[in-house]
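If you count the sequence shown from 1, you need to add 73 to reach my numbering.
What follows is a set of notes on a single structure, which appears directly below.
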Amino acid sequence: MQNEIKKVCVIGAGVMGSGIAALIANSSYKVVLLDIIAKDSDDPNKIVKTAKENLHKQKPPPLSFPDKANFITIGNLEYDLDLIKECDLVIEVIVEKLEITHQLYNKIIPYLKEDAIIASNTSTLPLKRLKENLPDNIKSRFVITHFFNPPR
């Protein structure tokens, strides 16, 4: 198993997900920030674009320097799943509903690197329930990371 994390994927571009992406970018790590496609827009990346733009507007700003945003690549969960293949750590930061979380895991598993760590930022879902449908080779690489709001 690889010991060094070079690139991170954050799935979920809400307040917490975008904040975690900013925290990682502040350390000059490459970050992929993914979310669902907005139903009310022709732009499939509207949600993540807005989240990334908002990183510059918050007070205090989550990015230590504005150019740290260049470390964040945006995408969506329909057309950009291949971006996950490059990531050593994948952090899920979506709505805390077990069925939706399991659906997401099933969707991303084919794109995970062989030694990638997968993490959930949950504060309510039990580890045992999150892992119950995962393949054994992924269960051993699954963790819960819980960032406090705001991630700093």
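Quick reminder that beta carbons are idealized off the backbone N, C-alpha and C, glycines included.
| Asked | Found |
| --- | --- |
| Whole-number beta carbon distance between V163 and L177, since they are thought to touch under 8 Å | Contact doesn't hold; Cβ gap of about 10 Å is too wide. |
| Range of the contiguous beta strand (DSSP E) that encloses V88 | It is not in any beta strand (DSSP E) - V88 instead sits in the alpha helix (DSSP H) that spans 88 to 99. |
| As assigned by DSSP and simplified to three states, the class of I109 | coil |
| Under 8 Å between C-beta atoms of N222 and V88 | yes |
| Closest by C-alpha distance to S168, when choosing among P117, N76, K79, G90 | Position check: residue 168 holds Val in this sequence, whereas Ser was assumed. That would be G90, whose Cα lies nearest to the Cα of V168. |
| Straight-line gap, Q131 to S101 (C-alpha atoms, nearest Å) | 20 Å |
| Span of the alpha helix (DSSP H), counted from its first residue to its last, around E172 | 171 to 181 |
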